[in-house]
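Enquirer:
Residue numbers (the working numbering), protein chains in the order written: chain H, 1 to 251; chain W, 1001 to 1286.
In structure tokens form, the structure reads like this:
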């Protein structure tokens, strides 16, 4: 069953054609990796799934992205609710300069999911546990979030998303600012979360895609070249471009 | 050769830097010297909390409490009017206005900061003074309230530009993070942007207050210049600065009155120094 269906999707930045007629079905509770060389549009595609591209002036789109059978570009779609449900984690940890606790509680408060302090405490604890951060921070919840290490900050970013997102998490090169050991830990976390969440991850690191994802999409110059099981993409791709890229001939 | 040149330039720059420090220190010493001789003859506490300023009577009284209250009332009133409007304007310029509008507004506001205070006073006399008299039905429009409004107009540009810089320097990543969690623009501004920009905004307000306390010309023209303790903000007042400016011309040199005016100057200096120091603390906190 597919959760996110992208149909004839095009994205333009002023007159630049960034995404060209993308068609892909992203499966539920699987990890889908989007790979490709810099500037191929993989981040733009990811940011189309929660409409973060709306915040950039000069972007317009055509085509459909259906989530649970509902086109998120229809008039009458509440972008705020969409963004709450489809969580996003960015390249660099972008925690707010407030306490660890407040960072996780932020999404709950602004979306009025919970207003009682007990309920918020419970969700904060649960979210921090799900990213294996609870034991480390439970005694300093009210310290500034920026005092954590980068890896912990990125975990906290994921916790912040887990606290409000219902079932989809988008990750935009989440390990690009981390060292290899931290990267491995975040990858383990991503695999763990795929039990409950549909995950789409953009990465410039092919080994990472091979390690964590079930399916892989390969993009080049704004086009989706190939989408298949990760194993097939990396061992026996159907397209020559894919083969050239995964074997390291360019990119 | 090259080395010599470096040494000369370095020394010159060092001298310039030292010079500005020396100026401030000598101003303080000068003020202090003139003021301290006043306090040999007149009790400091009596000076500070005395309710009457009768410098020319047979038994002169130098109580500056009315002028301290006058300065405080005008400053406080101007802040109450200016700060909310200025912060909102800064928010509009930084967060809401399209790029073209933003650039125009920003330079317009900076231009407004250059209006001389005597012009502010002049505009006040012609517009706000008669309006206040008529609207509140009081005997004179020359009141602390009128002064507050005009001074608010005077310091708003300063507060707007500095707060706008603070708001604009909040990293886009913070806002992006908030939007991605489903926050509206207003929620993002209120919970993240304003929180992050707060030290800068407070510094802007403190700098504005520093200017208000030291302002002379406009308040002299529109606050009525009466050195009595006011019953309300709709009474005429006189500020410390206006007292010095209006009496310095007629005073007998080296008389007690002359020295008393320097003592007021010292009090003013200390107040603005403290205000600027607090502003600096907040700016550095950023």
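Ideal placement from N, C-alpha and C gives every residue a C-beta, glycine not left out.
Owing to the predicted nature of the structure, the values given are computational and were not obtained by experimental measurement.
Which of the three DSSP states, helix, strand or coil, is assigned to residue 32 of chain H?
Expert: Three-state DSSP puts residue 32 of chain H in a strand.
Enquirer: Compute the distance between the beta-carbons of residue 123 of chain H and residue 165 of chain H, then report whether it is under 9 Å.
Expert: In this structure, residue 165 of chain H does not lie closer than 9 Å to residue 123 of chain H by Cβ.
Enquirer: Helix, strand or coil: which one does DSSP assign to residue 171 of chain H?
Expert: Strand.
Enquirer: For residue 120 of chain H, would you say it is in contact with chain W, using Cβ-to-Cβ distances shorter than 9 Å as the test?
Expert: With 9 Å as the cut-off, residue 120 of chain H does not count as an interface residue toward chain W.
Enquirer: With respect to 8 Å, is the separation between the Cβ of residue 250 of chain H and the closest non-hydrogen atom of the ligand NAP below this value?
Expert: Ligands are entirely absent from the displayed structure, and the ligand NAP is therefore not among its contents.
Enquirer: Please report the straight-line C-alpha distance between residue 114 of chain H and residue 1063 of chain W, rounded to a whole angstrom.
Expert: If you take the alpha carbons of residue 114 of chain H and residue 1063 of chain W, they lie about 59 Å apart.
Enquirer: I'd like to know if residue 110 of chain H contacts chain W, where contact means its C-beta is closer than 9 Å to some C-beta of that chain.
Expert: Answer yes: the Cβ-Cβ gap between residue 110 of chain H and chain W drops below 9 Å somewhere.
Enquirer: Please go through the same chain and pick out, in chain order, the residues whose beta-carbon is closer than 6 Å to the beta-carbon of residue 1206 of chain W, but skip the five residues on each side of it.
Expert: The residues are 1275, 1278 and 1279.
Enquirer: Please report whether the beta-carbon of residue 148 of chain H lies at a distance below 9 Å from any beta-carbon of chain W.
Expert: Not closer than 9 Å to any Cβ of chain W, the Cβ of residue 148 of chain H fails to qualify, so no.
Enquirer: Mind checking who residue 1053 of chain W pairs with in its DSSP beta bridge?
Expert: Its beta-bridge partners are W/1062.
Enquirer: So which residues of chain H does residue 1181 of chain W contact, with C-beta pairs closer than 8 Å?
Expert: Within chain H, the residues near residue 1181 of chain W are 83, 84, 87, 106, 107, 110, 111, 160, 161 and 164.
Enquirer: Beta-carbon separation of residue 1077 of chain W and residue 1233 of chain W under 9 Å?
Expert: In contact: residue 1077 of chain W and residue 1233 of chain W (Cβ atoms closer than 9 Å).
Enquirer: Below 9 Å between beta carbons: does that hold for residue 97 of chain H and residue 157 of chain H?
Expert: It is not a contact, given that the beta carbons lie outside the stated cut-off.
Enquirer: Residue ranges of each beta strand (DSSP E) run of no fewer than 3 residues wholly in the segment 1166 to 1190 of chain W, ordered along the chain?
Expert: Correct list: empty.
Enquirer: Out of W/1256, W/1284, W/1244 and W/1257, which has the shortest C-alpha to C-alpha gap to residue 1067 of chain W?
Expert: Of the listed residues, the one whose Cα sits closest to residue 1067 of chain W is W/1244.
Enquirer: Starting from residue 95 of chain H, trace the alpha helix (DSSP H) in both directions and tell me its first and last residue.
Expert: Premise fails: residue 95 of chain H is in no alpha helix (DSSP H) and is neither H nor E.
Enquirer: Mark residue 1147 of chain W as exposed unless 16 or more other C-beta atoms lie within 10 angstroms of its C-beta, in which case mark it buried.
Expert: Its Cβ being crowded by 16 or more others within 10 Å, residue 1147 of chain W is buried.
Enquirer: Going by the CB atoms, is the gap between residue 233 of chain H and residue 36 of chain H shorter than 9 Å?
Expert: No, Cβ-Cβ distance for residue 36 of chain H and residue 233 of chain H is not below 9 Å.
Enquirer: Going by C-alpha distance, which of W/1284, W/1039, W/1073 and W/1137 is nearest residue 1228 of chain W?
Expert: Selected option, being the one with the closest Cα: W/1073.
Enquirer: Beta-carbon within less than 6 Å of residue 72 of chain H's beta-carbon, same chain only, minus the 5 sequence neighbours each way: which residues are those?
Expert: If we look at residue 72 of chain H and ignore the five residues flanking it on each side, its Cβ neighbours are 65 and 82.
Enquirer: If you measure from the beta carbon of residue 1272 of chain W to each beta carbon in chain H, is any gap under 9 Å?
Expert: Not closer than 9 Å to any Cβ of chain H, the Cβ of residue 1272 of chain W fails to qualify, so no.
Enquirer: Could you give the first and the last residue of the continuous beta strand (DSSP E) run that contains residue 16 of chain H?
Expert: That run of the beta strand (DSSP E) goes 16 to 27.
Enquirer: Exposed or buried, what is residue 207 of chain H when buried is set at 16 or more other beta-carbons lying within 10 Å of its beta-carbon?
Expert: Under this definition residue 207 of chain H is an exposed residue.
Enquirer: Using a Cβ-Cβ distance cut-off of 9 Å, determine whether residue 1178 of chain W contacts chain H.
Expert: By this cut-off, residue 1178 of chain W is an interface position.
Enquirer: Between residue 1191 of chain W and chain H, is the shortest Cβ-Cβ distance under 9 Å, so that the two count as touching?
Expert: Answer yes: the Cβ-Cβ gap between residue 1191 of chain W and chain H drops below 9 Å somewhere.
Enquirer: Under 8 Å, CB to CB, which of the residues in the segment 22 to 42 of chain H have a partner in chain W?
Expert: Against chain W - using a Cβ distance shorter than 8 Å - the segment 22 to 42 of chain H contributes no residues.
Enquirer: Of all Cβ atoms in chain W, is any one closer than 9 Å to the Cβ of residue 95 of chain H?
Expert: So yes, residue 95 of chain H belongs to the interface.
Enquirer: In chain H, which residues lie with their C-beta within 7 Å of the C-beta of residue 1196 of chain W?
Expert: In chain order: 97.
Enquirer: If residue 1050 of chain W and residue 1061 of chain W are in contact, beta carbons under 8 Å, what's the gap, nearest whole angstrom?
Expert: That belief holds up - the Cβ atoms of residue 1050 of chain W and residue 1061 of chain W are roughly 6 Å apart, short of 8 Å.
Enquirer: Can you tell me the Cβ-Cβ gap for residue 1182 of chain W and residue 80 of chain H, rounded? I've got them flagged as a contact below 8 Å.
Expert: That pair is a contact at about 4 Å.
Enquirer: Could you tell me the alpha carbon to alpha carbon distance between residue 1032 of chain W and residue 1155 of chain W, rounded to whole angstroms?
Expert: Near 29 Å, if we compare the C-alpha coordinates of residue 1155 of chain W and residue 1032 of chain W.
Enquirer: Between W/1043, W/1115 and W/1102, which lies nearest to residue 1256 of chain W when the distance is taken from Cα to Cα?
Expert: Among W/1043, W/1115 and W/1102, the Cα nearest to that of residue 1256 of chain W belongs to W/1043.
Enquirer: Check whether the Cβ of residue 1171 of chain W lies closer than 9 Å to any Cβ atom in chain B.
Expert: This model lacks chain B altogether; the protein chains it does include are H and W.
Enquirer: Quick check: residue 1090 of chain W and residue 1160 of chain W, are their CB atoms within less than 9 Å of each other?
Expert: Contact flag set, yes.
Enquirer: Would the segment 180 to 200 of chain H and the segment 141 to 157 of chain H be scored as touching if the rule is three or more Cβ pairs under 8 Å?
Expert: They touch, by the three-pair rule.
Enquirer: Mind pulling the chain H residues with CB within less than 8 Å of residue 1174 of chain W?
Expert: What residue 1174 of chain W touches in chain H: 94, 96 and 97.
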